[in-house]
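Novice: Following this message is one structure expressed as structure tokens.
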Amino acid sequence: MAIGREAFGRGAQMLWAQRRAGRLRRLQHSRLAALVAHARDCSPLYRDLYAGLPWSPDLAALPAVDKRVLNGDFDAWVCDARLTRSGVEEFLADPGRFGQPYLDEYFVCTSSGTTGRPGLFVHDRHACAVYLGMFGRLDATWLSWRDFARMELRGDRVAAVVGTGGHFAGASWVQFMRTVNPRWRRSWKLVSAQWPTDRIVAELNAHDPAIVLIYPSSLLQLLVPRERGELTISPLFIEVGGEAMSRGARQRAEAAFGCPVRTVYGASELDPIAFSCDADWLHYSSDWAILEPVQADFTPTPPGQASDTVLLTNLANRVAPIIRYDLGDSVTMRPDPCPCGSALPALRVAGRSDESLTFIDAQGGPVVVAPLAIAAAADRVRGTELVQLVQVGASELQVRLRVSPDYDDRSVWLALQRELRGFLADQGLSNVSVARSDQPAQVSQVSGKFRRVLRGDDGGDQRAAASPPARQ
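Under the working numbering, think of the first position of the sequence shown as 132, with each following residue one higher.
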């Protein structure tokens with residue numbers, strides 16, 4: 132399933148297209164018409180949803196969908212009869228097939244469940260080539276020709292510090308790229324965000340990456356060994372995503388590593404969606420995607436105002452169409468041209484507000500735990516419907532859990548408790564207790580969004596003008 136040559140062609144086309152806003156709009160319009168026609172022809176779910184609508188309706192006339200709608204009738208959603216939910220789940224349940232193409236032609240992954248429920252997503256070869264082209268677009272924005280030459284001299288080495296232990300989008304994408312391209316198998320390094328900090332430092336030093344992909348909370352964990360001189364890498368840039376990152380934290384990281392810290396906004400449904408510019412805005416590839424900021428009733432949100440949610444249309448993926456899909460993120464579209472000069476639409480995203488947890492180990496020292504790392508450990512356990520992790524005091528983690536109806540409640544809880552205890556022990560936190568809370572999972576009183584990881588004394592929701600996934 133070689134896609135490198137096609138990706139190079141897509142990337143070159145994108146660099147040509149992004150020079151003119153009118154050209155981007157024409158490409159978007161034609162690709163949307165083709166996608167909607169394809170979905171009506173090949174997806175029984177969309178055929179039913181669009182029954183009675185004009186053949187070429189305005190995008191706003193199409194009904195919105197979400198993870199529950201698509202994954203609730205997976206077999207009717209996808210456009211290849213060989214794809215079934217049971218078949219994909221069997222594939223994903225086999226750890227030995229991690230990062231392998233499904234049916235020798237599809238990239239499959241699970242969402243991390245940041246909106247409360249995990250989902251299954253399938254991407255075809257054409258879409259994967261487009262995603263790689265999008266990464267080429269952001270590399271061309273962030274790197275000079277001299278930087279590209281330095282990348283080549285350093286073997287194009289990339290390290291991704293992401294959640295592992297399942298077919299999560301970030302880790303699976305890295306392994307998928309290493310599988311389909313022998314060169315990337317040598318140059319791309321997968322580092323588990325769940326590993327203890329000293330092991331992460333050792334792995335990064337050994338690989339010496341030119342680019343590091345990482346969660347903001349994991350990056351902040353590395354600042355102490357960096358400032359002590361233990362972490363000796365010299366990346367050209369660091370790419371963060373998956374969580375919000377304050378401007379102060381970004382500036383501290385840039386000073387510590389001596390390189391820019393860039394942001395990517397992405398999701399299991401499409402990655403990357405958008406990438407940062409020097410003016411501190413995100414730009415999305417409007418020739419291959421559509422973002423519609425909307426209010427709670429799905430009416431449009433005017434530019435310059437924060438939306439309740441945003442609807443995503445992925446114009447690249449045909450096998451499992453994503454059309455007007457509710458991502459659940461609040462975004463603000465820039466009402467005027469971005470001062471960076473890009474013709475791509477500019478936005479800001481209210482980043483996910485899970486915060487790092489700080490426990491005290493048995494020796495009395497503080498240990499910082501990245502929220503996406505501990506959440507990924509919880510995601511390894513099957514049978515969970517909702518999991519919310521709450522730090523209570525310096526040495527206790529409480530778990531708010533709802534178990535899927537088809538699973539035994541006690542068995543799922545014991546498996547989850549064992550997984551979390553093991554994760555904490557790997558961080559040097561064997562003294563931290565893991566107990567089940569009698570409270571149900573709760574949403575933020577400020578944003579109304581589900582937060583998977585929080586401190587017991589944290590009742591608010593901090594929105595930052597950053598972004599959520601890295602190349603995930």
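Backbone N, C-alpha and C fix where the C-beta goes; we use that ideal spot for every residue, glycine too.
This structure is a prediction, so every number in the text was calculated from the model and none was measured.
With a threshold of 8 Å on Cβ separation, who are the neighbours of G587 within its own chain once the five nearest residues in sequence on each side are excluded?
Specialist: By 1-based counting over the sequence shown, the position of residue 587 is 456. Taken in chain order, the residues that qualify are V521, Q522, V523, G524 and Q529.
Novice: From R567, D329, Q382 and S377, pick the residue whose C-alpha is nearest to that of G360; which is it?
Specialist: For the purposes of this step, residue 360 is taken as residue 229 along the sequence shown, with counting starting at 1. When only C-alpha atoms are compared, the closest one is D329.
Novice: In whole angstroms, what is the alpha-carbon distance linking H160 and N445?
Specialist: Counting from 1 along the sequence shown, the entry for residue 160 is found at position 29. Counting from 1 along the sequence shown, the entry for residue 445 is found at position 314. Whole-angstrom Cα-Cα distance: 13 Å.
Novice: Name, in chain order, the residues that DSSP records as bridge partners for E236.
Specialist: Counted from its first residue, the sequence shown places residue 236 at position 105. DSSP lists no partner for E236.
Novice: What is the DSSP secondary structure of V577, reduced to helix, strand or coil?
Specialist: Numbered from its first residue, the sequence shown carries residue 577 at position 446. Confidence at V577 is low in this model, with a pLDDT of 41, below 50, so its placement is unreliable and no value can be given for it.
Novice: Across which residues does DSSP place D457 in a beta bridge pair?
Specialist: Counting from 1 along the sequence shown, the entry for residue 457 is found at position 326. D457 is bridged to L442.
Novice: Out of G250, G153, H257 and R199, state which residue places its alpha-carbon closest to the alpha-carbon of V450.
Specialist: As a first step, residue 450 is located in the sequence shown; it is residue number 319 there, counting from the start. For the residues G250, G153, H257 and R199, the minimum Cα distance to V450 belongs to H257.
Novice: Using 8 Å as the threshold, is the stretch 412-425 in touch with the stretch 469-482, meaning 3 or more CB pairs across them?
Specialist: Cβ pair count under 8 Å is three or more, so yes.
Novice: At what residues does the alpha helix (DSSP H) containing T272 begin and finish?
Specialist: In the sequence shown, counting from the first residue as 1, residue 272 sits at position 141. Run containing T272: R256 to W273, per the alpha helix (DSSP H) assignment.
Novice: Given a threshold of 16 other Cβ atoms within 10 Å of its Cβ, counted over all protein chains shown, does D460 qualify as buried or as exposed?
Specialist: Within the sequence shown, the letter at position 329 stands for residue 460. Buried, because 16 or more other Cβ atoms sit within 10 Å of the Cβ of D460.
Novice: Does DSSP classify L488 as helix, strand or coil?
Specialist: On the sequence shown, residue 488 is found 357 positions in, with the first residue counted as 1. Correct three-state label for L488: strand.
Novice: Residue ranges of each alpha helix (DSSP H) run of no fewer than 4 residues wholly in the stretch 160-234, ordered along the chain?
Specialist: Listed in chain order, the complete alpha helix (DSSP H) runs (minimum 4 residues) inside the stretch 160-234 are 175-180, 198-203, 205-208 and 216-223.
Novice: Throw me the rounded Cβ distance for the R531 and A572 pair, which I believe falls under 8 Å.
Specialist: Counting from 1 along the sequence shown, the entry for residue 531 is found at position 400. Counting from 1 along the sequence shown, the entry for residue 572 is found at position 441. Rounded, the Cβ-Cβ distance is 4 Å, consistent with contact.
Novice: Report back the beta-carbon spacing between V371 and P347 to the nearest angstrom; my notes put them in contact at under 8 Å.
Specialist: On the sequence shown, residue 371 is found 240 positions in, with the first residue counted as 1. On the sequence shown, residue 347 is found 216 positions in, with the first residue counted as 1. Going by Cβ atoms, the distance from V371 to P347 rounds to 5 Å, so yes, they are a contact pair.
Novice: Report the rounded CA-to-CA distance for I404 versus A152, giving the unit in angstroms.
Specialist: Here residue 404 refers to the residue found at position 273 of the sequence shown. Here residue 152 refers to the residue found at position 21 of the sequence shown. If I take the Cα positions, the gap works out to 17 Å.
Novice: Using the Cα positions of G294 and G183, report the straight-line distance between them to the nearest angstrom.
Specialist: Position 163 of the sequence shown, counting from 1, holds the residue named residue 294. Position 52 of the sequence shown, counting from 1, holds the residue named residue 183. Whole-angstrom Cα-Cα distance: 44 Å.
Novice: Could you check where the alpha helix (DSSP H) with E91 kicks off and where it finishes?
Specialist: Beyond the ends of the chain as shown, which are 132 and 603, falls residue 91; an answer cannot be given.
Novice: Kindly list the residues whose CB is nearer than 7 Å to the CB of A501, restricted to its own chain and excluding five residues on each side of it in sequence; keep chain order.
Specialist: Mapped onto the sequence shown, residue 501 falls at position 370. Correct list, in chain order: A324, Y346, S348, S349, Q352 and S487.
Novice: Does the stretch 295-306 come close enough to the stretch 224-239 to have 3 or more Cβ pairs within less than 8 Å?
Specialist: The stretch 295-306, when compared against the stretch 224-239, does touch it at the 8 Å Cβ threshold.
Novice: CA-CA distance, R178 and A170?
Specialist: Stepping through the sequence shown from its first residue, residue 178 is reached at position 47. Stepping through the sequence shown from its first residue, residue 170 is reached at position 39. Going from the Cα of R178 to the Cα of A170 covers about 7 Å.
Novice: Specify, as a first and last residue, the run of the alpha helix (DSSP H) that I345 falls within.
Specialist: Residue 345 sits at position 214 when you count from the first residue of the sequence shown. Note, I345: premise wrong, no alpha helix (DSSP H); beta strand (DSSP E) at I342 to I345.
Novice: Can you say whether T489 is buried or exposed, counting buried as having 16 or more other CB atoms within 10 angstroms of its CB?
Specialist: Here residue 489 is taken as the residue at index 358 of the sequence shown, counted from 1. So T489 ends up on the exposed side.
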